[in-house]
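J.: When we follow the working numbering, the leftmost residue of the sequence shown carries the number 117, and every step to the right adds one. For every residue, glycine included, the Cβ atom is placed at its ideal position computed from N, Cα and C.
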Amino acid sequence: GAGGGALAGVGGSDGAAAGRLSASGSMSDSDEYSYEYSESGGEGGGGSGEESGSGEDDVQVQIENTFCDAEEEESKNPAKAVEMYDTVVRLERERDGDYDYSFKSLKQTVALTFQLGDYEGMTRRYEDMLGLVDKVTSNECTDGINFVLDTVATCSDVSMLGRMYEITLTALQSARSERLLFSINVRKAKLHLKAGEYSQLATLIRGLHRSCQLPDGTDDPSKSTNLMEMYALEIQLCEAQGNRARMKEIYPKVRLLISAIADPRIMGIVHESFGKMHMAEQRYTDAHNEFFDAFKNYQEAGRQASARTALRYLLLANMLAKMEVNPMDSREAKVYKDDKEIMAMEQLRMAYTRNDIARFEVILRDKSNHILDDPFIHTHLADLLATVRSVAVTKIVAPYTSVRLAFLARELSVTVPEVEQLCVKLILDGQLPGATIDQLDGCLQLGGARGGSSTYEALAKW
117 GAGGGALAGV GGSDGAAAGR LSASGSMSDS DEYSYEYSES GGEGGGGSGE ESGSGEDDVQ
177 VQIENTFCDA EEEESKNPAK AVEMYDTVVR LERERDGDYD YSFKSLKQTV ALTFQLGDYE
237 GMTRRYEDML GLVDKVTSNE CTDGINFVLD TVATCSDVSM LGRMYEITLT ALQSARSERL
297 LFSINVRKAK LHLKAGEYSQ LATLIRGLHR SCQLPDGTDD PSKSTNLMEM YALEIQLCEA
357 QGNRARMKEI YPKVRLLISA IADPRIMGIV HESFGKMHMA EQRYTDAHNE FFDAFKNYQE
417 AGRQASARTA LRYLLLANML AKMEVNPMDS REAKVYKDDK EIMAMEQLRM AYTRNDIARF
477 EVILRDKSNH ILDDPFIHTH LADLLATVRS VAVTKIVAPY TSVRLAFLAR ELSVTVPEVE
537 QLCVKLILDG QLPGATIDQL DGCLQLGGAR GGSSTYEALA KW
């Protein structure tokens, strides 16, 4: 379908015209290819190798030689390489013939001027490059634009990035490739998301959705990849705005698309977001499964930082779900067994399984572990502590028929009112069958040994 190639624009090229910028060291994974030229010149063979002696052949040889010399200068003297590429553009313009080398040269000069910090020169040359898109093949156009946008994506200047996207979209209003336009709009949407410009993002998402719909307004199944990327953006918008109601509406639509999508970058985002949604609803087992899928997809996509974050959330959900299976035993997770932050979460889980409340809280509060630096983990801190303390209470009271609340409070390092509230919750949840609270004596009675009206009055308050 038309949507099938939208993400190809984001991910990279087939190598035919991806180009290179050997001096920048900041190219994306998709920009690993470089041009290869025969000894006689241009890409794929620029000439017949025969000396015709004509003036036109002399100009062609000069163009090809200058282009090759400029390539060699990129790493040694980027400014000189820019001048040489500009010469190639001038020579082809004067000859008014093919513009293959002009397009390639402008693409390289955009990247080089970005590297040199000359943003004005960069945008001017990019506009010149886009003016030649009808002079090159569709693949060369797509690869060239993606090369440029991948290059400038490392810039922290949001306004400059926004201008580059606007220049691109303006130049491609009559583009031959719907997939290319979709890809560039997705890039722009991600920029709005990063900048917190949620109103602009919502508007852009609606436009992206319309491009994936049939005339009757329903989703076009032939554009499943585009639909998934659009929904991934909307899910992240909902997450940022705390709109769980809309996320729940999207959820079944996305589940129908998952089997058709193979891009792990998109699926990692989707699974992580739905994991967070389940966490907010205290559906910890479902969250655990989503985080595990997110972790595997991020790992497959080579997004190690995102994989590490998903693994930390997986360990958090594992504890909250009170699961006995250790996620770190999986083959995929063992890669991170020596990562300091993952080790801290694993130690936290071990303290939890051993019912070592003191050790648990020491690990949790240790700033060098950076556990509470994560806003998402911090949000679920109260639930996590309540879960750990609940397990501790059930294990502590197991051998007894009566336990003083003050004793439990000391064991858990909390106040008596806090432990009383915890015990009430455990009774109501059926985790302490037959237990009652005697407020007069300040005791937790197990197995219904004692209990009177004061017990039920206490429960009624909760």
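Pair every Cβ in the stretch 460-480 with every Cβ in the stretch 403-415, then say whether three or more of these pairs are closer than 8 Å.
T.: No, the stretch 460-480 is not in contact with the stretch 403-415.
J.: Determine the DSSP secondary structure at residue 487, reduced to helix, strand or coil.
T.: Translated into positions along the sequence shown, residue 487 becomes position 371. In this structure, residue 487 counts as coil in the three-state DSSP scheme.
J.: Beta-carbon within less than 8 Å of residue 521's beta-carbon, same chain only, minus the 5 sequence neighbours each way: which residues are those?
T.: Here residue 521 is taken as the residue at index 405 of the sequence shown, counted from 1. For residue 521, where only same-chain residues beyond five positions count, the Cβ hits under 8 Å are 532, 535, 536, 539, 553, 558, 559 and 560.
J.: So, do the stretch 326-333 and the stretch 348-367 have three or more beta carbon pairs nearer to each other than 8 Å?
T.: Too few Cβ pairs lie closer than 8 Å, so no.
J.: Fully enclosed by the stretch 504-550, which beta strand (DSSP E) runs are 3 residues long or longer?
T.: For the stretch 504-550, whole beta strand (DSSP E) runs of length 3 or above, ordered along the chain, are 518-520.
J.: For residue 268, I'd like the list of residues in its chain whose CB is within less than 7 Å of its CB, leaving aside the five on either flank, ordered along the chain.
T.: Within the sequence shown, the letter at position 152 stands for residue 268. So the list reads 230, 277 and 280, once near-sequence residues are dropped.
J.: Which runs of the alpha helix (DSSP H) at least 4 residues long sit entirely within the stretch 193-267? Give them in chain order.
T.: DSSP runs (the alpha helix (DSSP H)) wholly in the stretch 193-267: 194-211, 216-231 and 235-246.
J.: Per the DSSP calculation, residue 561 is bridged to which residue(s)?
T.: Residue 561 sits at position 445 when you count from the first residue of the sequence shown. In the DSSP output, where bridge partners are listed per residue, residue 561 has 518 and 552.
J.: How far does the alpha helix (DSSP H) with residue 380 in it reach, from first residue to last?
T.: Within the sequence shown, residue 380 is the residue found at index 264, counting from 1. Note, residue 380: alpha helix (DSSP H), 380-396.
J.: Work out the CA separation of residue 457 and residue 349 for me, nearest whole Å.
T.: Position 233 of the sequence shown, counted from the first residue, corresponds to residue 349. Position 341 of the sequence shown, counted from the first residue, corresponds to residue 457. Roughly 28 Å separates the two Cα atoms.
J.: Using a Cβ distance threshold of 8 Å, determine whether the stretch 443-457 contacts the stretch 510-517, with at least three qualifying pairs required.
T.: Verdict: no, contact absent.
J.: Can you tell me where the alpha helix (DSSP H) with residue 334 in it begins and where it stops?
T.: Looking up residue 334 in the sequence shown gives position 218. Where residue 334 is concerned, there is no enclosing alpha helix (DSSP H), given that its DSSP letter is neither H nor E.
J.: With 16 other CB atoms within 10 Å as the buried threshold, where does residue 342 fall?
T.: Residue numbering aside, residue 342 sits at position 226 when the sequence shown is read from its first letter. Its Cβ being crowded by 16 or more others within 10 Å, residue 342 is buried.
J.: Can you tell me which of the three DSSP states residue 289 falls into?
T.: In the sequence shown, the residue the question calls residue 289 occupies position 173. Three-state DSSP puts residue 289 in coil, outside helix and strand.
J.: Under the DSSP definition of a beta bridge, which residues are partnered with residue 329?
T.: Start at 1 with the first residue of the sequence shown, and residue 329 comes out as number 213. 335.
J.: Which residues in the same chain as residue 316 place their Cβ atom closer than 6 Å to its Cβ, once the five residues preceding and following it in sequence are excluded?
T.: Counting from 1 along the sequence shown, the entry for residue 316 is found at position 200. Only 308 meet the Cβ criterion.
J.: Check the C-beta distance from residue 389 over to residue 357 and give it rounded, since I have them as a contact under 8 Å.
T.: Position 273 of the sequence shown, counting from 1, holds the residue named residue 389. Position 241 of the sequence shown, counting from 1, holds the residue named residue 357. That belief does not hold up - the Cβ atoms of residue 389 and residue 357 are roughly 12 Å apart, past 8 Å.
J.: When DSSP labels each residue in this structure, what does residue 278 get in the three-state scheme?
T.: The residue labelled residue 278 in the question sits at position 162 within the sequence shown. Residue state, collapsed to three classes: helix.
J.: Out of 297, 501, 489 and 444, which one is the CA nearest neighbour of residue 471?
T.: The residue given as residue 471 occupies position 355 in the sequence shown. Minimum Cα distance to residue 471 is reached at 501.
J.: Out of curiosity, what's the CA-to-CA distance linking residue 373 and residue 386?
T.: The residue you call residue 373 lines up with position 257 of the sequence shown. The residue you call residue 386 lines up with position 270 of the sequence shown. Roughly 11 Å between the two C-alpha positions.
J.: Figure out for me which residue from 417, 461 and 517 has the closest Cα to the Cα of residue 490.
T.: For the purposes of this step, residue 490 is identified with residue 374 of the sequence shown, where counting begins at 1. Considering only alpha carbons, the answer is 461.
J.: What is the rounded straight-line gap between the Cα of residue 153 and the Cα of residue 234?
T.: Translated into the one-based positions of the sequence shown, residue 153 becomes position 37. Translated into the one-based positions of the sequence shown, residue 234 becomes position 118. A caution first: residue 153 carries a pLDDT of 40, below 50, which makes its placement in the model unreliable, though a value can still be read off. Approximately 29 Å between the Cα atoms of the pair.
J.: Along the chain, where does the alpha helix (DSSP H) that runs through residue 597 open and close?
T.: This structure leaves residue 597 out entirely; the chain is present only between 117 and 578.
J.: Let me know the secondary structure DSSP gives residue 360 once reduced to three states.
T.: By one-based count along the sequence shown, residue 360 stands at place 244. Here residue 360 sits in helix by DSSP.
J.: Leaving aside the five residues before and after residue 410 along the sequence, list all residues of the same chain whose C-beta is less than 7 Å from its C-beta, in chain order.
T.: Taking the sequence shown and counting its residues from 1, one reaches residue 410 at position 294. So the qualifying residues of the chain are 384, 387, 388, 391 and 426.
J.: Rounded to whole angstroms, what's the CA-CA distance from residue 213 to residue 223? Just pull it up for me.
T.: On the sequence shown, position 97 is the one that residue 213 refers to. On the sequence shown, position 107 is the one that residue 223 refers to. Computed Cα separation, rounded: 19 Å.
J.: Mind checking which residues open and close the alpha helix (DSSP H) that includes residue 302?
T.: What you label residue 302 is simply residue 186 of the sequence shown in a count that begins at 1. Start and end: 294-311.
J.: Just the Cα atoms here: how many angstroms apart are residue 191 and residue 183?
T.: Position 75 of the sequence shown, counted from the first residue, corresponds to residue 191. Position 67 of the sequence shown, counted from the first residue, corresponds to residue 183. Looking at the two C-alpha atoms, the distance is approximately 14 Å.
J.: May I have the straight-line CA-CA distance separating residue 495 from residue 319, to the nearest angstrom?
T.: In the sequence shown, residue 495 corresponds to position 379, counting from 1. In the sequence shown, residue 319 corresponds to position 203, counting from 1. If you take the alpha carbons of residue 495 and residue 319, they lie about 29 Å apart.
J.: Exposed or buried, which one is residue 193 when buried takes at least 16 other CB atoms within 10 Å?
T.: Position 77 of the sequence shown, counted from the first residue, corresponds to residue 193. Classification of residue 193: exposed, given that the 10 Å Cβ count is below 16.
J.: Residue 354 by DSSP, collapsed to three states: which one?
T.: As a working note, residue 354 is residue 238 in the sequence shown. Here residue 354 sits in helix by DSSP.
J.: Considering only the beta carbon of each residue, do residue 473 and residue 544 sit closer than 8 Å?
T.: Position 357 of the sequence shown, counted from the start, is the residue given in the question as residue 473. Position 428 of the sequence shown, counted from the start, is the residue given in the question as residue 544. In this structure, residue 544 does not lie closer than 8 Å to residue 473 by Cβ.
J.: Tell me the DSSP secondary structure of residue 417 in three-state form.
T.: Counting from 1 along the sequence shown, the entry for residue 417 is found at position 301. In the structure shown, residue 417 sits in a helix (DSSP, three-state: H, G or I).
J.: Nearest to residue 285 by alpha carbon, out of 272, 299, 274 and 273?
T.: Residue numbering aside, residue 285 sits at position 169 when the sequence shown is read from its first letter. Taking only the C-alpha atoms, the option nearest residue 285 is 299.
J.: Given this structure, state the Cα-to-Cα distance separating residue 493 from residue 487, to the nearest angstrom.
T.: In the sequence shown, residue 493 corresponds to position 377, counting from 1. In the sequence shown, residue 487 corresponds to position 371, counting from 1. Spanning the two alpha carbons is a distance of roughly 7 Å.
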